[in-house]
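Structure, as structure tokens:
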Amino acid sequence: MKGNEAIAHAAIRYGVDGYFGYPITPQSEVLETLEDEQPWDTTGMVVLQAESEVAAINMVYGGASSGKAVMTSSSSPGVSLKQEGISYIAAAELPALIVNVMRGGPGLGTIQPSQADYFQATKGGGHGDYHLIVLSPATVQEMADFVGLGFDLAFKYRTPAMILADGIVGQMMEKVVLPPFRPRRTDAEIAAQCPWATTAKRGRGHRNIVTSLEMDSPKMEENNRRFQETYARIQENEVRFQEYYTEDAEYLMVAFGSVARICLKAIEDARAAGIKVGLLRPITLWPFPTKEIAALSRRVKGMLVVELNAGQMIEDVRLATEGRVPVYHFGRMGGMIPNPDEVLDALKKDFPEIK
Amino acid sequence: MAKVKGAVTIDDARCKGCELCVVACPTDVLLLQPKEVNDRGYHFAFAANPDACIGCASCAMVCPDACIEVYRVVLPNS
Amino acid sequence: MTPEEIIKPENKVYARPRLLDDRNTHYCPGCSHGVVHRIIAELIDEMGLEDNTIGVAPVGCAVFAYNYIDVDWVEAAHGRAPAVATALHRLNPDRLVFTYQGDGDLAAIGTAETIHAANRGENIAIIFINNGIYGMTGGQMAPTTLLGMKTATTPYGRRADLNGYPLRITELLAPLDGTCYVTRQAVHTPAAVRKAKAAIKKAFQNALDGRGTSVVEIVSTCNSGWKMSPAKSNEWMAEHMFERYPLGDLKNI
């Protein structure tokens with residue numbers, strides 16, 4: 011099935027309580043699949059086509075406030091519209107899952123694949139000091155798996171998580187093993203797991219308030235300190251990545267999402283020609299595998315960051331390497347996708363000593 | 010006909026002296042303190058003419074700060 | 029009888045609502061918000077809904093509504109309360125979910141969320157405070173500001189050619205198939221307060237009964253923004269606001 015469809019099926023099986031979305035290419039299959047499956051008749055999951063991305067993300071905010079597992083999906087221009095709500099969700103310390111199946115920008119751009127929302131996803135996106143947990147799937151299987159992972163992390167840390175997929179992963183078809191069905195949580199389970207949730211008082215004896223507002227500056231600074239402590243714990247515990255051929259690598263490629271698969275093919279071609287190249291694929295774009303890239307920067311002669319953008323993740327790679335080795339970028343934009351030969355040519359051009 | 014007598018208590022500290030109760034009272038029971046103010050500087054309302062109160066709760070109905078409580082007794086015919 | 033003889037628990041006919049928080053509100057003296065808060069607190073208690081209610085607070089002067097009425101609250105982004113309430117109710121369908129919004133929140137930045145929630149017939153109650161001005165940000169023009177009315181952003185009075193016309197959004201909501209009860213009330217007199225309370229009670233009951241969206245507009249004063257005394261503001265409202273925003277039911281099915 012398609013990556014977008016895998017997300018929809020995984021959401022139903024995970025026991026998601028609500029999905030709120032708005033159609034936009036290339037991710038409309040998420041909403042379409044959910045409407046087709048009619049999960050309200052089976053698991054009781056709410057599916058709603060909102061009037062806008064702005065409304066959809068605020069529905070997520072409302073649903074998450076009551077401790078429910080709620081999500082939305084969109085593509086780049088739509089995710090820009092959601093940024094206000096995402097900032098509120100982060101500030102109110104609510105768990106939620108946001109899926110961005112990226113298309114080429116800026117502006118209306120193109121409906122073809124892109125990775126140009128890396129900055130937006132990993133550096134906050136909306137206003138204020140906050141982070142999302144950003145998961146980068148490279149396969150349809152990971153599209154399915156990261157729904158559950160995203161929610162697990164979001165609830166563990168009470169912070170929104172994002173699946174940052176590119177249009178390739180969203181649209182391509184692969185075999186996938188879907189997670190087993192699990193029941194949605196009961197009201198009692200939600201009350202136990204989320205004592206902060208605005209479920210109505212229900213005999214609790216005191217009221218719960220979900221808000222991001224705090225007019226008292228010392229308290230607001232304290233809130234921000236708490237957010238930063240959460241982010242520090244996430245950085246300590248939740249970095250995920252995959253390494254390929256790095257044991258003896260003299261050069262390292264760094265790429266995420268579907269581009270990592272193109273790089274892997276280029277690396278296999280390079281290895282066949284005797285060039286020792288490895289690949290690091292960050293799975294969490296935030297928290298970023300800074301330590302791992304720093305360690306590799308002590309062993310390799312140089313790095314090539316390959317992205318479907320003008321150079322975004324390269325900034326985090328360069329910060330990690332602290333200038334120890336040259337780090338170059340190869341990117342295609344506007345929906346164009348490089349082939350493995352182009353990637354290998356770029357590596358050779360940047361490192362002329364490679365024959 | 011039975012006669013109705015009323016009385017009000019006003020939470021001085023909570024009153025913001027908006028005067029809406031004074032306007033709403035049909036029997037001119039209430040006034041704002043002409044000189045005295047509460048801790049927040051408001052000339053709070055008080056029952057200047059308590060004998061006229063009929064306990065209709067009009068003052069409490071329009072009070073934005075819910076600082077008026079109303080009491081009422083129905084007196085038997087004398 | 030002396031007042032001391034009358035002031036006894038058995039004679040009490042009106043008390044501060046139990047569900048109104050003990051703290052003083054941040055509202056200006058005479059602000060209509062306080063009256064509407066009081067009514068809502070009374071109703072939630074009288075209808076036995078303390079444990080079953082989720083309120084959605086707006087951005088604007090009533091942003092702190094959650095501090096004053098002792099039920100669960102979610103504070104929404106500016107204008108988004110109907111979207112927040114939509115999800116809260118759909119995911120918690122046996123609860124009373126209501127929004128409390130001002131004119132800027134509901135009729136300007138949140139117009140889309142308001143109209144679409146009402147058009148879907150979300151089983152929520154929308155309490156809409158229309159005082160014709162942005163109070164919280166210092167008295168700027170609202171979509172409902174009357175023509176000729178001076179505000180911080182219409183210092184020479186609102187002009188139709190520059191600023192458009194005062195928006196009667198409640199009239200836009202009444203014809204929608206999703207709404208079951210649309211009414212306009214005020215809280216400037218004891219009689220008006222009683223009627224407004226009955227209207228909000230009906231809106232709450234409609235939401236509980238799953239009859240669709242109810243909208244209760246309360247034409248209100250902002251004496252600070254209007255630069256008048258509270259009493260004078262009530263007079264001015266009756267004289268000028270009611271002409272553009274006449275009181276009464278627009279829809280009741």
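Those sequence lines, one after another, are chains A, C and R.
Sequential numbering of the first sequence, starting at 11, is according to our numbering.
Sequential numbering of the second sequence, starting at 10, is according to our numbering.
Sequential numbering of the third sequence, starting at 29, is according to our numbering.
Yeah, the Cβ is synthetic: ideal placement off N, Cα and C, and Gly gets one too.
Asked, Found
"Continuous alpha helix (DSSP H) stretch holding Val-247(R): start and end", "Per DSSP, Val-247(R) belongs to no alpha helix (DSSP H); it is in the beta strand (DSSP E), 241 to 247."
"For Tyr-51(C), the three-state DSSP class (helix, strand or coil)", "coil"
"beta-carbon Ala-266(R) near the ligand COA non-hydrogen atom, thresh 6 Å", "Annotation note on the ligand COA: not contained in the displayed structure, which lists no ligands."
"Delimiting residues of the beta strand (DSSP E) encompassing Gln-37(A)", "Premise fails: Gln-37(A) is in no beta strand (DSSP E) and is neither H nor E."
"In chain order, each beta strand (DSSP E) run of at least 3 residues that lies wholly inside the stretch 52 to 134 of chain A", "56 to 59, 80 to 84 and 106 to 112"
"Within 7 Å, strictly: CB atoms of Lys-223(R) and Ile-67(R)", "no"
"Delimiting residues of the alpha helix (DSSP H) encompassing Trp-206(A)", "First-last for Trp-206(A): undefined, no H or E at that position."
"For Gly-58(R), the three-state DSSP class (helix, strand or coil)", "coil"
"Distance, Asn-319(A) Cα to Met-261(R) Cα", "Here residue 261(R) is Ser; the residue named in the question, Met, does not match the sequence. Whole-angstrom Cα-Cα distance: 58 Å."
"Partners in chain C for Ile-35(R), counting only beta-carbon separations shorter than 8 Å", "Ala-16, Thr-18 and Tyr-80"
"Whole-number beta carbon distance between Ala-259(A) and Val-316(A), since they are thought to touch under 8 Å", "With 8 Å as the limit, Val-316(A) and Ala-259(A) do not qualify as a contact, their Cβ atoms being about 15 Å apart."
"Counted within 10 angstroms of its Cβ, other Cβ atoms place Thr-53(R) as buried (16 or more) or exposed", "buried"
"Per-residue contacts from Gly-50(C) into chain R (C-beta, under 7 Å)", "None at all; the shortest Cβ gap to chain R is about 11 Å."
"Beta carbon of Pro-73(C) nearer than 7 Å to that of Cys-59(R)", "yes"
"7 Å Cβ shell around Thr-188(R) - same chain, five flanking residues per side excluded", "Residue identity differs from the one stated: residue 188(R) is Ala in this sequence, not Thr. For Ala-188(R), where only same-chain residues beyond five positions count, the Cβ hits under 7 Å are Leu-175."
"Range covered by the alpha helix (DSSP H) that runs through Glu-278(A)", "268 to 282"
"Complete alpha helix (DSSP H) runs within the stretch 124 to 149 of chain R (minimum length 4 residues, chain order)", "139 to 148"
"Alpha carbon of His-52(C) to alpha carbon of Ser-257(R), nearest angstrom", "14 Å"
"Runs of alpha helix (DSSP H) wholly within the stretch 283 to 343 of chain A (minimum 4 residues, chain order)", "300 to 307 and 323 to 331"
"CA-to-CA distance, Pro-190(A) to Gly-297(A), given in whole angstroms", "Checking the displayed sequence, the identity of residue 297(A) turns out to be Pro instead of Gly. For Pro-297(A) and Pro-190(A), the distance between alpha carbons rounds to 28 Å."
"First through last residue of the alpha helix (DSSP H) which encompasses Asn-234(A)", "227 to 247"
"C-beta neighbour in chain R for Asp-74(C), strict 7 Å", "yes"
"Straight-line Cα distance separating Ala-69(C) from Gly-15(C)", "13 Å"
"Same chain, Cβ closer than 8 Å to Lys-211(A), neighbours up to 5 away in sequence not counted", "Arg-217 and Asn-218"
"Every unbroken alpha helix (DSSP H) within the stretch 180 to 220 of chain R, with a cutoff of 4 residues, ordered by chain", "188 to 191 and 197 to 201"
"Within chain A, partners of Ala-105(R) - CB distance below 7 Å", "Asn-68, Glu-94, Gly-95 and Tyr-98"
"Any chain R beta carbon closer than 7 Å to Glu-61(A)", "yes"
"7 Å Cβ cutoff, Leu-119(R) in contact with chain A", "yes"
"Glu-28(C): contacting residues in chain R (beta-carbon distance under 9 Å)", "Pro-57, Gly-58, Ser-257, Pro-258 and Ala-259"
"Within chain R, partners of Ser-76(A) - CB distance below 9 Å", "Ile-82, Asp-100, Val-102, Ala-115, Leu-116, Leu-119, Asn-120 and Arg-123"
"Identity of the residue in Ala-74(A), Gly-345(A), Asp-51(A) and Glu-257(A) nearest Ile-200(A) by Cα", "Ala-74(A)"
"Within 7 Å, strictly: CB atoms of Tyr-98(A) and Ser-227(A)", "no"
"Residues within the stretch 217 to 231 of chain R neighbouring chain C, beta-carbon criterion of under 8 Å", "Thr-217, Pro-218, Val-221 and Arg-222"
"Cβ-Cβ distance between Gln-252(A) and Arg-291(A) below 7 Å", "yes"
"Arg-44(R) versus Cys-24(C) - alpha carbon distance", "13 Å"
"Cα-Cα separation between Gly-83(R) and Met-183(A), rounded to whole angstroms", "44 Å"
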